[in-house]
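Written below as structure tokens is the structure these notes are about.
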Amino acid sequence: MSSATDSPSRRVYFVSLGCPKNQVDTEVMLGVARDEGCELVDDASQADTLVVNTCGFIDAAKEESIETILELAEIKRQSEGAKLVVTGCLSQRYAGQLATEMPEVDHFLGSSDMLALRDIVRGSRRRQQVSELDRRAYLYDHAAPRVLVGQPHRAYIKIAEGCDRPCAFCIIPKLRGPQRSRTVESVVAEATELVGRGVREICLVGQDLTTYGTDLQRRGFAPADFEDLLDGLCGVPGLAWIRLHYAFPTTTSAGVLDRIATHPKIASYLDVPLQHVDTEVLRRMRRGYTERQVQTLVDEVRSRSPKIWLRTTMLVGHPGETEAAFRRLADFIGDGAIDHLGVFPWSREEGTPSAMLPARVTEDVAEARAAEIMTIQEEIRRERFRSMIGSTMQVMIDGASDESEYLLDARHEGQAPEIDGKVVVCDLSAAPGEMHAVRILNASAHDLVASADLDRSSLDD
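Here the numbering used here = 1-based position in the sequence shown + 1018.
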């Protein structure tokens, strides 16, 4: 390993892979680079520092990360003096191995090592330095520099880092460490600052959203819970929607559900990864709840408001998932309990308890089960969207549509950015972030078509 240091950077190019939590990390690193006087460029061939923030959660994510590293390595090879930096979960998990197999990478940073980018762009960090990958103490706050990527009227806020859950299939606690919550004051201050930049929608993210605050008092901060945080955010002037992602089933309190159902600033939307409904599969997954508790949560949501949209994630093919267990899951989805769904076939992740379990489900069977569940869900969502034809609702404008210069893309409060489809709006000129009433004219399984002319009854009018 060379001990030589690099020359300072002036132009930096970023690629961000994985989940919205990773996107927040990338935005902080972009802020670090900007504050060091670097130009942030969109063309990798024009950069002298290439940064890829990787995901290492499942096999497909690891493959995408490695392919991206190799693509940037080829660009680096053609650019004299360029540096290649790999950060994020893949780097945290495999830095030693990657440093041996990918000598073209100049620096590996851990998943909590974002501020080390400052030393890299200054040229003061040794090439291939990986000695600090075990640092997990950094938790960004409202004072951290941050450059938003994507649409300027919406942003993610990470309210905590790490996770204390023992889920058998998940490597995240080993990569991100134990849960460390930000203070209510820090999150509210960041939200206020983002609204000042023009943000109208904030999506709250964390590995375990509704366990927020359980660690604060033992870390020397004032006690607070997720309900306290929501109350603080609801007081931020100018904020239109607060959206909740990655709630945990058994810690989603009645108070949280009441706030979703009644507060105008909290979107009628809840993303709560259930992973399965069969009690024995859930036990093997170490999720800590039963099929009855899942159904109770769904019933509690629906009893408060039929307008709350539920998103969840299911994991099929986990060791021990029998055909009968899968049928229980398929029946649950077929009952229409879920509005938006993501399904993943289980893959063996080294270092997880699930990887050691017997009663494996073959890859072909797991993939077939995932496809079947999605087919069931597609029809359910198609019918729900069709039932909305003729109704009027408020939408937030996202911007010009790719389909036509005369159309706008928007979302109603039951649609999270990028994953839940869109509302394509005609008869309207509006800026991103504006709220408008529209009438639904048509629907597919993924998107809605609407008009801002509330008297219009069809696309043919």
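In this text, a Cβ means the ideal position worked out from N, Cα and C, and glycines have one as well.
What number of angstroms, rounded off, separates the C-alpha of residue i from the C-alpha of residue j?
| i | j | result |
| --- | --- | --- |
| Leu1315 | Thr1268 | 8 Å |
| Leu1090 | Ala1062 | 8 Å |
| Ser1034 | Glu1045 | 9 Å |
| Gly1256 | His1281 | 15 Å |
| Leu1212 | Leu1446 | 27 Å |
| Leu1262 | Ala1161 | 23 Å |
| Ala1117 | Leu1135 | 17 Å |
| Ala1078 | Arg1366 | 12 Å |
| Val1379 | Thr1340 | 8 Å |
| Leu1248 | Thr1331 | 23 Å |
| Arg1345 | Val1139 | 54 Å |
| Ala1272 | Ser1286 | 15 Å |
| Glu1431 | Ala1468 | 15 Å |
Using the DSSP secondary-structure output, state which residues sit across from residue i in a beta bridge.
| i | result |
| --- | --- |
| Ile1220 | Ala1173 and Ile1260 |
| Ser1469 | Cys1444 and Arg1457 |
| Gln1110 | Note: Gln1110 sits in no beta bridge, so no partner. |
| Leu1359 | Thr1330 |
| Lys1101 | Thr1067 |
| Ala1078 | Per DSSP, none; premise fails for Ala1078. |
| His1294 | Its beta-bridge partners do not exist; DSSP assigns none. |
| Ser1365 | According to DSSP, which records beta bridges pairwise, Ser1365 is partnered with nothing at all. |
| Ala1178 | Ser1199 |
| Arg1236 | Per DSSP, none; premise fails for Arg1236. |
| Ala1428 | Ile1415 and Val1441 |
How is residue i classed by DSSP in three states: helix, strand or coil?
| i | result |
| --- | --- |
| Lys1094 | helix |
| Pro1376 | coil |
| Phe1266 | coil |
| Phe1350 | helix |
| Glu1423 | coil |
| Met1414 | strand |
| Val1206 | helix |
| Gln1041 | helix |
| Leu1035 | coil |
| Ile1284 | strand |
| Thr1340 | coil |
| Leu1275 | helix |
| Ser1323 | coil |
| Phe1126 | strand |
| Glu1397 | helix |
| Ser1462 | coil |
Take the Cβ of residue i as the centre, count every other Cβ of all protein chains shown within 10 Å, and call the residue buried at 16 or more, exposed below.
| i | result |
| --- | --- |
| Tyr1031 | buried |
| Asp1131 | buried |
| Ser1109 | buried |
| His1464 | exposed |
| Ala1258 | buried |
| Arg993 | Residue 993 falls outside the range modelled here, since the chain spans only 1019 to 1479, and no answer is possible. |
| Tyr1424 | exposed |
| Gln1433 | buried |
| Met1047 | buried |
| Ala1038 | Note that residue 1038 is Pro in the sequence shown, not Ala. Classification for Pro1038: buried. |
| Asp1416 | buried |
| Arg1215 | exposed |
Counting contacts by CB-CB distance shorter than 9 Å, is residue i in contact with chain D?
| i | result |
| --- | --- |
| Leu1135 | Here there is only one protein chain, and chain D is not present. |
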